[in-house]
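First the structure, in the form of structure tokens, and then the observations on it.
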Amino acid sequence: DSGVTQTPKHLITATGQRVTLRCSPRSGDLSVYWYQQSLDQGLQFLIQYYNGEERAKGNILERFSAQQFPDLHSELNLSSLELGDSALYFCASSPGAAREQYFGPGTRLTVT
Amino acid sequence: KNEVEQSPQNLTAQEGEFITINCSYSVGISALHWLQQHPGGGIVSLFMLSSGKKKHGRLIATINIQEKHSSLHITASHPRDSAVYICAVRSPQAGSARQLTFGSGTQLTVLP
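These protein sequences, in sequence, are chains A and B.
230 is the number of the first residue of the first sequence in the working numbering; add one for each residue after it.
3 is the number of the first residue of the second sequence in the working numbering; add one for each residue after it.
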């Protein structure tokens, strides 16, 4: 158990809908990262927050947004969902930007 | 050409065999990570290294910065080692470029 929690574990929704994925980092970790793992693209970095502020952006679509709250939990919002958004979404946390990352169990999103 | 190349893509071994998984990268890095992804999807960070060699139990990771190459070794392999092993590198540049870039993974199957 990494200490990082993600909810929900599974999510099935229809195209065009909006969903919110939630992540609680390990106690004391200030950095939260979001990753997408799809069958054809592998693991890709989406976005990083550090102590409530956006720190870095990767291959995140404009339909996706995220935030980190004062209690350090983070949410990833996915809107206008498309079939191609079906993937595993992982959250990871670390004490700082260049430190080892601890991954949550992931949320499996299926868009039908 | 991908920035991070892993080989082999698939590897089947008999229990007890010594296993090597290779990772080559084409950019300068500040650190390299080895991750293990279990059949259920969960990701565990095995090593983070920037030089030399690290050992944890039956796992050994080495890196050669000059040759831009890292290896993950598993001694006395066991069926429970069956998983996907993923190499990821972090650029030394600031901002988004410092985030992890992932290899496509090596699927390891250890037969009893």
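Glycine included, C-beta positions come from ideal geometry on N, C-alpha and C.
Selection from the options that minimises the alpha carbon distance to residue i
i, options, result
"A/W263", "A/A321, A/R255, A/A327, A/G257", "A/A321"
"B/S93", "B/H71, B/L102, B/Y87", "B/L102"
"A/D269", "A/H302, A/L338, A/S315", "A/S315"
"B/H75", "B/Y87, B/Q11, B/G42", "B/Y87"
"B/T111", "B/L34, B/Q68, B/A33, B/Q39", "B/Q39"
Where residue i falls, given that 16 or more other Cβ within 10 Å makes a residue buried
i, result
"B/H80", "exposed"
"B/T77", "exposed"
"A/R284", "buried"
"B/T108", "buried"
"B/A90", "buried"
"B/P20", "The sequence given here places Phe at residue 20 of chain B; Pro does not occur at that position. Counting Cβ neighbours within 10 Å, B/F20 comes out exposed, since fewer than 16 surround it."
"B/L113", "exposed"
"A/Q266", "buried"
"B/V46", "exposed"
Contacting residues, own chain, Cβ-Cβ under 8 angstroms from residue i (five flanking each side not counted)
i, result
"A/R255", "S231, G232, V233, S322, Y331"
"B/G30", "S93, P94"
Neighbourhood of residue i by C-beta distance below 6 angstroms, restricted to the same chain and skipping five residues each side
i, result
"A/N288", "Q273"
"A/N306", "T249, S294"
"A/Q297", "V261, Y278, G281, S303"
"B/N12", "Q109"
"A/R292", "S308, S309"
Limits of the beta strand (DSSP E) - the one that residue i falls within
i, result
"B/Q109", "108-113"
"B/M103", "Residue 103 of chain B is actually Thr in this sequence, not Met. It spans 102-104 - the beta strand (DSSP E) in which B/T103 sits, taken as one unbroken run."
"B/K56", "54-58"
"A/F274", "271-279"
"B/K70", "No beta strand (DSSP E) contains B/K70, which DSSP labels as neither H nor E."
Contacts around residue i, its chain only, beta-carbon distance under 7 angstroms, and the 5 residues preceding and following it disregarded
i, result
"B/S26", "E7, K70, H71"
"A/Q246", "L310"
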